[in-house]
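Written out as structure tokens, the structure reads:
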């Protein structure tokens, strides 16, 4: 369980950080308030991403195993 919690937190942190940066840049371009807007988006996205990663992690793991078995 500890592994799942830590994994969910770290994975959601990295994905949220990078994806909010990318989407903010796509929407606004490099502007004087880019960092502020990006951090607002990240602050809103990370908790949601962490909950989703924790809740759906087992399902995604099982689905991945099934897909890999079928293509192997």
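In our numbering, the protein residues as written are -11 to 60. Where a beta carbon is used, it is the ideal one built from N, C-alpha and C, also for glycine.
query, result
"At least three beta-carbon pairs within less than 8 Å, the segment 14 to 24 to the segment -11 to 4", "no"
"Environment of residue 73 [buried if 16+ CB atoms lie within 10 Å]", "For residue 73 there is no data in the structure shown, the boundaries of the chain being -11 and 60."
"Cβ shell of residue 45 (< 8 Å), same chain only, five flanking positions each side left out", "-8, -5 and -4"
"Cβ pair residue 33, residue 4 closer than 7 Å", "yes"
"Where residue 41 falls, given that 16 or more other Cβ within 10 Å makes a residue buried", "buried"
"Residue -7: CB within 6 Å of a non-hydrogen atom of the ligand FMN", "By its list of ligands, the structure shown contains no ligand whatsoever, and the ligand FMN lies outside what it can speak to."
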